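Only one structure is covered here, and it is reproduced in the block below.
Number of protein chains: 2
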Amino acid sequence: MADEPLDTETKIKEAAQKVFLANGYEGAKIRQIADEAGVNVALVNYYFRSKEQLFQQIYFETFSSFLGVIAQLLNEETPFEVKVWKLVDRYTDFLLANPLMPMFVLSEYRQSEQSPVRQLKMKEMIRSTVFMRQLNDEIEAGNFRKADPFQVIFSMIGSLVFPFIARPVVTYVGSFTDDTFSVFVNERKQVIPEMIMAYLRVR
Amino acid sequence: MADEPLDTETKIKEAAQKVFLANGYEGAKIRQIADEAGVNVALVNYYFRSKEQLFQQIYFETFSSFLGVIAQLLNEETPFEVKVWKLVDRYTDFLLANPLMPMFVLSEYRQSEQSPVRQLKMKEMIRSTVFMRQLNDEIEAGNFRKADPFQVIFSMIGSLVFPFIARPVVTYVGSFTDDTFSVFVNERKQVIPEMIMAYLRVR
DNA sequence: AAAATATTTAAACGCTTGTTTAATAAAATT
DNA sequence: AATTTTATTAAACAAGCGTTTAAATATTTT
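Just so you know, the protein sequences line up as chains A and B, in that order.
Okay, so the first sequence: first residue is 1 according to this note's numbering, each after it adds one.
Okay, so the second sequence: first residue is 204 according to this note's numbering, each after it adds one.
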């Protein structure tokens, strides 16, 4: 990868992303962000006006990525079961590449009516996915048991995301290293789809 | 309930529990804890020496409760399937009564060798539960599919705990109120055991 | 009741925080 | 080349933080 010389604003943003994800809003200090970016403290406010605004920008982008990738995978035009397997596989890889994202997104979420996050219309996005439609169709056709699609989707996402949220505890209880944790999570690529499908197939 | 006049130390501790669980270590301020307890700021340090020590005490107790309740349920001497249903039922109720606990325990976890949390030997506790033994027996007897017990247990706990960790997002995407969130979680008392058992039964 | 100890308080301490200022350096415009 | 604008800096600011102090009050012990 060609690491071209980044302009100051980008350097700050990348440093902020790193520091905010590792420490959360309260735990992150502007001086730490500035140091990480190799830049004077004042420049953070010069480019982003305030810690709060910088955070909002980072949070919005992270949230969009976190739920956006899911929404995209849910919307693929592949048969239902294939999609479940593919989604779990792809999203596991995504989380392995961004292991701090789930905890950050879920622990730093703040509700406010006119927040950018709300304007994403994530609600409608998830509710109207191809995945949801297919699931409803299969249930109506009698191929799957009568199940609440929300229960199914949150079971799947929850199983997928949980190890990353609970990573320190999981690592401790399971005596994992970084490598064996990765193995553990990769094994779930098989376990989770099998679990979801086994549940749905029982009529 | 008879709310007898609490002594100062207890008042501070309960206030600290409340404030730490709601805001985390960095977000919690001693003056807020003191106010919540209706007590002078200096008394917090008088009784607990430092914010750090107060936090450690709260965290240890919360962690013990969070994992201890699970360990206890995993150790009940009931048949495997009955236990799965009972565990999900009881732990859901426990989480409904302590909705902030999972996020607090998982986001504020810090590893350190001689921490009180480590001395709980939670690892050995979970690994040697009746649940684990039963699961292994059933698999060896050919009644259940060949599954990694850790995968099963973390799928179950993860499904159980996830809605509480992701509550704001789940609430938003699902258009839940506090009441309908509670309904949603209670429905999982059936979904989760069925999912786990459906998975295990496929050979 | 007097003395000793424990509890509580208001005030201040020193440090870190996010933020701003005012001066300097660099770049762009004229 | 002179001027204006933009970028960067060191330094300071006020506010908030966890913590300590020293005096006042309450309680316990003698």
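Beta carbons are placed, not taken as given, at the ideal position from N, Cα and C, and that holds for glycine.
In this text the structure is predicted, and so the values were computed from the model without any measurement.
Check, Outcome
"Backbone CA spacing between ILE236 of chain B and ARG252 of chain B [nearest angstrom]", "14 Å"
"VAL185 of chain A - DSSP class collapsed to helix/strand/coil", "helix"
"Chain-ordered neighbours of ALA401 of chain B on chain A, where CB pairs are closer than 8 Å", "MET195, ALA198, TYR199, ARG201, VAL202"
"CB contact check: GLU390 of chain B to chain A, cutoff 9 Å", "yes"
"First through last residue of the alpha helix (DSSP H) which encompasses ALA16 of chain A", "8–27"
"The region 121–137 of chain A contacting the region 388–400 of chain B, beta-carbon criterion three pairs below 8 Å", "no"
"Contacting residues, own chain, Cβ-Cβ under 8 Å from VAL291 of chain B (five flanking each side not counted)", "MET359, LEU363, ARG391, LYS392, ILE395, PRO396"
"Residues of its chain near SER385 of chain B, where Cβ-Cβ distance is below 8 Å and the 5 sequence neighbours each way are ignored", "LEU299"
"Expected contact under 8 Å - CB spacing of VAL244 of chain B and ARG234 of chain B to nearest Å", "6 Å"
"Residues of its chain near GLN220 of chain B, where Cβ-Cβ distance is below 6 Å and the 5 sequence neighbours each way are ignored", "ILE261"
"Cβ contact (3+ pairs, closer than 8 Å) linking the region 138–146 of chain A and the region 68–79 of chain A", "no"
"Ranges of the alpha helix (DSSP H) found wholly within the region 71–159 of chain A, counting only runs of at least 4", "80–97, 101–107, 122–127, 130–140"
"Residues in the region 164–186 of chain A having any Cβ partner in chain B nearer than 9 Å", "ILE165, ALA166, ARG167, PRO168, VAL169, VAL170, THR171, TYR172, VAL173, GLY174, SER175, PHE184"
"Near-chain A residues of the region 302–325 of chain B (beta-carbon distance less than 7 Å), N- to C-terminal order", "MET306, LEU309, SER310, TYR312, GLN314, MET325"
"Reference PHE283 of chain B; option with closest CA among B:LYS232, B:THR265, B:ASN339, B:PHE269", "B:ASN339"
"Between the CA atoms of TYR294 of chain B and VAL272 of chain B - distance to the nearest angstrom", "8 Å"
"Nearest to SER175 of chain A (by Cα), restricted to the options B:ARG321, B:ALA401, B:ARG404", "B:ARG321"
"Cβ neighbour criterion (16 or more within 10 Å) applied to LEU106 of chain A", "buried"
"CA-to-CA distance, ILE342 of chain B to LEU403 of chain B, given in whole angstroms", "9 Å"
"Straight-line gap, GLU212 of chain B to VAL405 of chain B (C-alpha atoms, nearest Å)", "54 Å"
"Identity of the residue in B:GLY361, B:LYS324, B:PHE387 nearest GLN151 of chain A by Cα", "B:PHE387"
"Same chain only: Cβ atoms within 6 Å of LYS51 of chain A, ignoring 5 sequence neighbours per side", "ILE30"
"Assumed close pair MET400 of chain B, VAL287 of chain B - CB separation to whole angstroms, cut-off 8 Å", "7 Å"
"With 16 other Cβ atoms within 10 Å as the buried cut-off, status of ARG370 of chain B", "buried"
"DSSP-derived helix/strand/coil call for ASN243 of chain B", "coil"
"Span of the alpha helix (DSSP H), counted from its first residue to its last, around THR177 of chain A", "Note, THR177 of chain A: premise wrong, no alpha helix (DSSP H); not H, not E."
"Contacts that LEU358 of chain B makes with chain A (C-beta to C-beta distance below 7 Å)", "One point to set straight first is that residue 358 of chain B is Ser, not Leu, in the sequence displayed. Per Cβ cutoff of 7 Å: SER159, VAL191, MET195."
"Option in A:SER115, A:TYR47, A:ASP35 with minimal Cα separation from GLU61 of chain A", "A:SER115"
"Three-way DSSP call (helix, strand, coil) for SER253 of chain B in this model", "coil"
"PRO5 of chain A classed as buried or exposed, judged by whether at least 16 other C-beta atoms fall within 10 angstroms", "exposed"
"Chain A contacts made by the region 206–230 of chain B, where a contact means CB separation under 9 Å", "ASN226, GLY227, TYR228, GLU229, GLY230"
"Counted within 10 angstroms of its Cβ, other Cβ atoms place GLU108 of chain A as buried (16 or more) or exposed", "buried"
"Test: ARG133 of chain A CB closer than 9 Å to a CB of chain B", "no"
"Neighbour flag for ARG252 of chain B against chain A, beta carbons, 9 Å", "no"
"Min CB distance PHE258 of chain B to chain A below 9 Å", "no"
"Pairwise C-alpha distance: VAL170 of chain A and ASP351 of chain B", "14 Å"
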